[in-house]
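Residue numbers (the UniProt record's numbering): 1 to 244. Positions of the beta carbon are idealized from the N, C-alpha and C atoms, including for glycine.
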Ligand SMILES: NC(=O)c1ccc[n+]([C@@H]2O[C@H](COP(=O)([O-])OP(=O)(O)OC[C@H]3O[C@@H](n4cnc5c(N)ncnc54)[C@H](OP(=O)(O)O)[C@@H]3O)[C@@H](O)[C@H]2O)c1
């Protein structure tokens, strides 16, 4: 396995949930970690609670806003340098998820964050990775990016299928330049996104599903593989969750 010490990692959505879990894990392995999200207080509280050799760097980021994306990556570059690893974990879902309930504005908002947002972030980091002939992008998609499940809803599934195709298509384009892309498809994970479910989620259920650190372990393993090895896709689900 490769030593991750000193690797520069940018994590979108790094202030909570899966992104936070990945930030904690990679910082503990010696990576220089930058986290972005819209709420600076969430980013700062995560950064302060991680006791790593290199303090975690935070900067606001709205992946739906092209200028904000440019500002974030410029700030990461000037603070640490070009990212070796990008983790796209920023994402949302809406409460009203059926075609009957959701509005065209809901469609635009979710697509802008989950699909176009991931594209824009990859767009910012890819040229330097191609030039260096080294780099890894990890897309936190979802099982809803593999199967159009009712629980995910219309636009969430569509946005995650878009993220899936984005990762696969770019990966095929850059494979001869030694740049790797991995799409991770988590099942249910106990994170704040569950608060936006149409039906409340019980504490018992939250305790029984995946925890952010489970996804972080998988991502850390992928990051530590030698550059010759690429994991295109990985599904990680709670043992009790159905997979068909
Ligand atoms: N939890 C699950 O069951 C599950 C399963 C499969 C996949 N996922 C995916 O995992 C990823 C992380 O979600 P999570 O479960 O960890 O939930 P979460 O805690 O709500 O994390 C989502 C993060 O994305 C950030 N974010 C949202 N909109 C953003 C924007 N426009 N620009 C920048 N950051 C934005 C949020 O921070 P701000 O609000 O401060 O911007 C938040 O930190 C998402 O893409 C989600 O779809 C989750």
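- Presumed contact (8 angstroms Cβ cut-off) between residue 139 and residue 169, rounded CB distance: Mapped onto the chain shown, residue 139 falls at position 139. Mapped onto the chain shown, residue 169 falls at position 169. The pair is not a contact, with the Cβ atoms about 12 angstroms apart (cut-off 8 angstroms).
- Query: Hey, is residue 94 close to ligand 1, as in C-beta under 8 angstroms from one of its heavy atoms?
  - Reply: On the chain shown, position 94 is the one that residue 94 refers to. Result no, Cβ not under 8 angstroms from ligand 1.
- Item | is_contact[residue 244, chain C] using C-beta, thresh 9 angstroms | Although the question refers to chain C, the structure presented lacks it and comprises just one protein chain.
- Alpha carbon to alpha carbon, how far is residue 242 from residue 14? Within the chain shown, numbered from 1, the residue matching residue 242 stands at position 242. Within the chain shown, numbered from 1, the residue matching residue 14 stands at position 14. Taking the straight line from one Cα to the other gives about 28 angstroms.
- From residue 71 to residue 120, what distance separates their C-alpha atoms? The residue you call residue 71 lines up with position 71 of the chain shown. The residue you call residue 120 lines up with position 120 of the chain shown. Rounded to whole angstroms, residue 71 to residue 120 spans 12 angstroms at the Cα level.
- Strand pairing of residue 37, partner residues [DSSP]: One-based indexing of the chain shown puts residue 37 at position 37. Note: residue 37 sits in a beta bridge opposite 60.
- Cα-Cα separation between residue 104 and residue 110, rounded to whole angstroms: Numbered from 1 along the chain shown, position 104 holds the residue referred to as residue 104. Numbered from 1 along the chain shown, position 110 holds the residue referred to as residue 110. So the two alpha carbons sit approximately 10 angstroms from each other.
- For the alpha helix (DSSP H) that residue 105 lies in, which residues bound it at each end? The sequence position of residue 105 within the chain shown is 105, counting from 1. Here the alpha helix (DSSP H) through residue 105 covers 104-110.
- Query: Ordered along the chain, which non-local residues of its own chain (more than five positions away) have a Cβ less than 6 angstroms from that of residue 148?
  - Reply: Position 148 of the chain shown, counted from the start, is the residue given in the question as residue 148. The residues are 157.
- Task: Note down, in chain order, each residue of its chain lying with its Cβ closer than 6 angstroms to the Cβ of residue 162, except the 5 sequence neighbours on either side.
- Result: As a working note, residue 162 is residue 162 in the chain shown. Taken in chain order, the residues that qualify are 115.
- Between residue 33 and the rest of its own chain, which residues show a CB-CB distance below 6 angstroms, the 5 nearest in sequence each way excluded? Taking the first residue of the chain shown as position 1, residue 33 is located at position 33. Here the set comprises 9, 23, 26, 27 and 56.
- Task: Consider the C-beta atom of residue 119 and the heavy atoms of ligand 3; say whether any pair is separated by less than 8 angstroms.
- Result: Annotation note on ligand 3: not contained in the displayed structure, which lists ligand 1 as its ligands.
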